[in-house]
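See structure below.
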Amino acid sequence: MKTFCGRANPTTGALDWVEESEEYDYHQEIARSCYADMLHDRDRNEKYYQGIRAAVSRVKARGERVIVLDIGTGTGLLSMMAVSAGADFCYAVEVFKPMARAATCIIKKNGFSDKIKVINKHSTEVTVGPDGDMQERANILVTELFDTELIGEGALPSYEHAHLHLVQVGCEAVPHRATVYAQLVESEQLWSWAQIRSVQVDERALVPPAAVRECAGAHAVCDIQLSQVPPSAFTPISPLCSMFSVDFSRPVSSAPRSFSCRFVVQAGGRAQVVLSWWDLDMDPSGSIVCSMAPRWTYSDPREYPWRDHWMQSVYFLPAERRVCEGEELSLSVSHDDYSLWYNLSEGHQTDVEQSFCRPCCTCQAHLVWTRPRFGELNDWQRTESYLSALRSVLGKDGVCLVVSDGSLLPIFAHLLGARKVFSLENSGMSKRVIEQFLEANSLKNGVQLLAIRAEQLTSADLEGEQISVLMGEPYFSTSLLPWHSLFFWYCRTALARLLRPGATILPSSATLYLLGVEFQDLWRIRAPCGTCEGFDVSPMDEMVQQSLDFRESREAEPHHLWEYPCRALSKAHPVMTFDFQQCVPEQPINSQGTLPLIGRGRCHGFALWMEYNLTDDITISMGLTKPVNEEGECVWSPHRKQGVYFLQTPWESSGDGHTAVSYNLTFDPSIGDVKMDFSVTQP
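Residue numbers (UniProt numbering): 1 to 683.
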């Protein structure tokens, strides 16, 4: 049996549906899962274990048999904790078949098969009775159904069903309660991810369309490692507000609800962004707490428990609002089955209808551009680099063609004096967004937007003109890894027939860089666990490795490295250069060499990124934005994801340069992808 999987195709810039073996889909799920991260989360595991022990003790104190229902058991860890704590029997529910098999294997390996039954179903399909999946209702409900937004994995409907059909009235629940916290802030950095700013192009200000400025934006949560946004990057408008709590030991409703919190403005400014996280009380007294609060809320940052499976949330108000110190306001939060959204109103009233109205994008820009893309378009230093490069190559007789998704470059080219400007747009939606910018700035006839693929473009589409300047950022919405943006090179090759002799290509080339790194925490997501809270979970390690070996082990994966501190153990090393002055070659490009490790530490893997050479003296980096200092500190671009290649086993570096990495990278032009292999040579 085969399965169809969507995969970015760098040679076409499209999402292709390709046929894979039936194992591929779940191997991908396992290889890219957060299970290792959760198993390495000692704070989470210890707090769950403490909460489970306390719940079992309370039920036993009532003289009852302890029957546990564990929804979303995963590895079976929480079920094994329950039985070890004295539970008489446990039903472990897991809908994902490979994980249900893994849980069965782990439970058997640890000797709990006689007291734990794994049920491979969605919890809403579980039956209770003599012939059912469960012989009786449970009196302890244990779950880990949460995501960064708390309810995004369907926790509320699952709890609602469990209380109605699977557990006893008055059951114990671990966790017992969740509380959502929020703080209203002003932050230029974060707000730049939601709204486009005006851009100064010589004497002309390019302003965003009113439809974009007034749009409430996309409602989806922005989940990030908020610990990496320093307090200096925002100004608190409100105190930290306790917005609402959910008691999981009582019947839970998934019906939409709104809650509000009144507060007095701490500092005047612009109310723009809501920072949010949640806590879990593992017991009724609230003495066992698992908190998602960011690092900078801790008096001793060393006590902060890093985790990636649960982060923090950023929400953007539908519109920024000027507020004054001492003003009384009301922050409201609403939720449906799976998501939250926030509104701000006067302190003496809450607009219930407005609170229940989930924000949605009406301008289409928030559907075309991701939040990092908004930030990239608002980066004035980056914009000035492109403007400087354009000024150096544009002539009054210039005929420009832009190849990038939803880019402002064609408007810049027109404002800088190009005679004709054309732009290829990959979708009707991105075309309409750029049309709005042209109309808002009375430039409707300044750029011709063409919804045509590069290989389909003809001289007639260009009104008989030849292209004197072909340019791109390059940016494409389907790109995941750094080299996927080489789609620009494929477009340049397809357009060769339409270029003037000696035409300028901007960027002229791209260089792929490699850096050996020691991660502060990110290594945990790929590290084997072995034992967790005294339980042998090695079958899970083996399962993850098998899935990685299926395909992923020789591939990099995309990460926003600004969120994940790391230390450089080598110099940034250029490993491949792609010359856009030439067409894409038919033969693979191979690069082999050695990379000395000059920093002392554990090399967990390698960071990879592109740098684009716009002109001889202007380069744009999609990776490191500053030189690495003597301590190995890395400062990464927040706009694009970098590639990360994880080593199966970390390599120790003494820092004397005697330990070197041998690399072998091959760019295959037939698929537009880079394959890589690394080995270490010791003195």
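Ideal Cβ positions, reconstructed from N, Cα and C, are used throughout, including at glycine.
Taking 9 Å as the threshold (beta carbon to beta carbon), is L480 in contact with chain D?
Absent here is chain D; the protein component of the structure consists of one chain.
Between L514 and V575, which are expected to be in contact by the criterion C-beta below 8 Å, what is the C-beta distance as a whole number of angstroms?
About 5 Å separates the two Cβ atoms, so the contact holds.
Buried/exposed call for K420, threshold 16 Cβ in 10 Å:
K420 is buried by the Cβ-count criterion.
Within the segment 77-143, note down every full beta strand (DSSP E) run reaching 3 residues or more, in order along the chain.
Listed in chain order, they are 89-93, 116-119, 138-143.
Cβ distance (whole Å) where L240 is taken to contact V537 below 8 Å
L240 to V537, Cβ: 36 Å. No contact.
Go ahead and label C363 buried or exposed: buried means 16 or more other beta carbons lie within 10 angstroms of its beta carbon, across all protein chains shown.
Its Cβ being crowded by 16 or more others within 10 Å, C363 is buried.
Go ahead and pull the three-state DSSP assignment for P298.
Rather than Pro, the amino acid found at residue 298 in this sequence is Tyr. When secondary structure is reduced to three states using DSSP, Y298 falls in the coil class, being assigned neither helix nor strand.
Going by DSSP, what residues sit across from T478 in a beta bridge?
For T478, DSSP records no beta bridge to any residue.
Tell me the DSSP bridge mates of L678?
One point to set straight first is that residue 678 is Phe, not Leu, in the sequence displayed. For F678, the beta-bridge partners assigned by DSSP are Y663.
Measure the CB-CB distance between residue 695 and S345 and report whether it falls below 9 Å.
One cannot answer for residue 695 here, as it falls past the ends of the chain, which runs 1 to 683.
For C491, three-class secondary structure by DSSP:
In the structure shown, C491 sits in a helix (DSSP, three-state: H, G or I).
When DSSP labels each residue in this structure, what does A510 get in the three-state scheme?
Secondary structure of A510 (DSSP, three-state): strand.
Specify, as a first and last residue, the run of the alpha helix (DSSP H) that P372 falls within.
Here the alpha helix (DSSP H) through P372 covers 371-377.
Three-state secondary structure (DSSP) at E552?
Because the pLDDT of E552 is 48, which lies under 50, any placement of that residue in the model is unreliable, and the question is left without a value.
Could I get the ranges of all uninterrupted alpha helix (DSSP H) runs contained in the segment 139-200, with 4 residues as the minimum, in chain order?
You should have 155-165, 188-191.
Inspect the beta-carbon positions of H176 and D247 and report whether they are closer than 9 Å.
Against a cut-off of 9 Å, the Cβ pair of D247 and H176 comes out as a contact.
Hey, quick one: how far does the beta strand (DSSP E) through Y564 stretch, first residue to last?
No beta strand (DSSP E) holds Y564; DSSP gives it neither H nor E.
Sequence-distant residues of the same chain with beta carbon closer than 7 Å to S679, five excluded per side
Excluding residues within five positions, the ones whose Cβ falls inside 7 Å are S662.
Within a Cβ cutoff of 7 Å, which residues of the same chain sit near A389, ignoring the five residues on either side of it in sequence?
These residues qualify, in order along the chain: L506, L614, T615, I618.
With a threshold of 6 Å on Cβ separation, who are the neighbours of G446 within its own chain once the five nearest residues in sequence on each side are excluded?
Beyond the five residues adjoining it in sequence on each side, G446 comes within less than 6 Å, by CB distance, of H414 in the same chain, given in chain order.
Apply the 10 Å Cβ neighbour rule to L522 and answer buried if 16 or more other Cβ atoms are within range, or exposed otherwise.
L522 sits buried, since 16 or more C-beta atoms from the chains shown fall within 10 Å of its C-beta.
Starting from N45, trace the alpha helix (DSSP H) both ways and give me its first and last residue.
N45 -> alpha helix (DSSP H) spans 42-61.
Look up W306 in the DSSP assignment and say whether it is helix, strand or coil.
In the three-state reduction of the DSSP assignment, W306 falls in the coil class.
Could you round the C-beta distance between L156 and A138 to whole angstroms and report it? I think they count as a contact, below 8 Å.
At roughly 19 Å, the Cβ-Cβ gap does not stay under 8 Å, so L156 and A138 are not in contact.
Nearest candidate by alpha-carbon position, reference V68, set I119, R101, E46
Nearest C-alpha to V68: I119.
If I measure Cβ to Cβ from E160 and keep anything under 8 Å in the same chain, skipping five residues before and after, which residues do I get?
P251, V252, S253, S254.
On the criterion of 16 or more Cβ atoms from any shown chain inside 10 Å, does P588 qualify as buried, or is it exposed?
Around the beta-carbon of P588, fewer than 16 other beta-carbon atoms lie within 10 Å, marking it exposed.
So, helix, strand or coil for R262, using DSSP?
DSSP places R262 in the strand class (E or B) of the three-state scheme.
Grouping DSSP H, G and I as helix and E and B as strand, with all else coil, what is T12?
Looking at T12 - three-state DSSP - the assignment turns out to be coil, as it is neither helix nor strand.
Okay, do the segment 491-510 and the segment 464-483 touch, 3+ Cβ pairs below 8 Å being the bar?
Yes, they touch.
With three or more C-beta pairs closer than 8 Å as the rule, is the segment 130-147 touching the segment 95-103?
The segment 95-103, when compared against the segment 130-147, does not touch it at the 8 Å Cβ threshold.
D114, buried or exposed, once every other Cβ within 10 Å from all chains shown has been counted against 16
By the neighbour-count rule (16 or more Cβ atoms within 10 Å), D114 is not buried but exposed.
According to DSSP, what are the bridge partners of M610?
As a beta-bridge residue in DSSP terms, M610 pairs with L512.
Inter-residue Cα distance where the pair is Q312 and L206:
Taken atom to atom, the span from the alpha-carbon of Q312 to that of L206 is near 34 Å.
Checking 9 Å against the spacing of the C-beta atoms, do V399 and Q466 come in under that value?
A contact, by the Cβ cut-off of 9 Å.
Looking at the secondary structure, which residues open and close the beta strand (DSSP E) in which A271 lies?
Under the DSSP assignment, A271 falls in the beta strand (DSSP E) whose first and last residues are 269-281.
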